[in-house]
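Working notes, beginning with the structure itself.
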Amino acid sequence: MTMTVGLPPGDAGTPPHRRSGPVFGYMVEGEPARIIRAGEAFREPGGDVIHYRAGNNLADAWSRFVVVMVGVPGEPMLTLVEEGGLRERRGRRAARAVS
Numbered sequence: 001m002t003m004t005v006g007l008p009p010g011d012a013g014t015p016p017h018r019r020s021g022p023v024f025g026y027m028v029e030g031e032p033a034r035i036i037r038a039g040e041a042f043r044e045p046g047g048d049v050i051h052y053r054a055g056n057n058l059a060d061a062w063s064r065f066v067v068v069m070v071g072v073p074g075e076p077m078l079t080l081v082e083e084g085g086l087r088e089r090r091g092r093r094a095a096r097a098v099s
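FYI, the UniProt record's numbering numbers position 78 of the sequence shown as 78, with every residue one higher than the one before it.
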């Protein structure tokens with residue numbers, strides 16, 4: 001699935017979650033919580049790793065990015081992870097580095 005994601009100024013983003021497959025993205029404009037500047041790309045692994053936030057660091061402008069999400073047939077593309085799941089997976093936090 002390919003989509004454009006827009007986050008309004010100061011938006012906290014998606015709560016902790018995991019995905020069935022990897023995500024590849026391109027920052028069109030703005031600055032999310034994990035600093036990815038316009039023109040930079042990123043990759044996030046799928047599977048049993050936790051992604052914490054994709055919020056907007058900017059208080060006065062939107063952030064927009066294009067993502068390609070690869071999913072596993074029959075599984076949800078994104079699953080929110082509750083507090084108990086975070087404790088169980090505390091060692092599986094997704095890396096914060098930009099690729």
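Built from N, CA and C at the ideal position, the CB exists for glycine as well.
Do the CB positions of residue i and residue j come within less than 8 Å of each other?
| i | j | result |
| --- | --- | --- |
| MET69 | GLY21 | yes |
| ARG19 | LEU58 | no |
| VAL67 | VAL23 | yes |
| GLY71 | MET3 | no |
If you count every other CB in all the chains shown that lies within 10 Å of the CB of residue i, and 16 or more means buried, which is it?
| i | result |
| --- | --- |
| GLY47 | exposed |
| ALA97 | Legend: pLDDT at ALA97 = 43, less than 50; position of this residue unreliable, no value from coordinates given. |
| ALA54 | buried |
| ILE36 | buried |
Under 6 Å Cβ to Cβ from residue i, same chain only, skipping five residues before and after it: list those, please.
| i | result |
| --- | --- |
| ALA38 | MET27, GLU29 |
Output needed for residue i: all residues of its chain with C-beta closer than 8 Å, excluding positions within five of it in sequence on either side, in chain order.
| i | result |
| --- | --- |
| ASN56 | LEU7, PRO8, PRO9, GLY10, ASP11, GLY13, GLY30, GLU31, PRO32, ALA33, TRP62, SER63 |
Kindly list the residues whose CB is nearer than 7 Å to the CB of residue i, restricted to its own chain and excluding five residues on each side of it in sequence; keep chain order.
| i | result |
| --- | --- |
| PRO15 | LEU80 |
Legend entry - beta strand (DSSP E) runs contained entirely in the stretch 4–47, provided each spans 3 or more residues: 17–19, 23–29, 41–44
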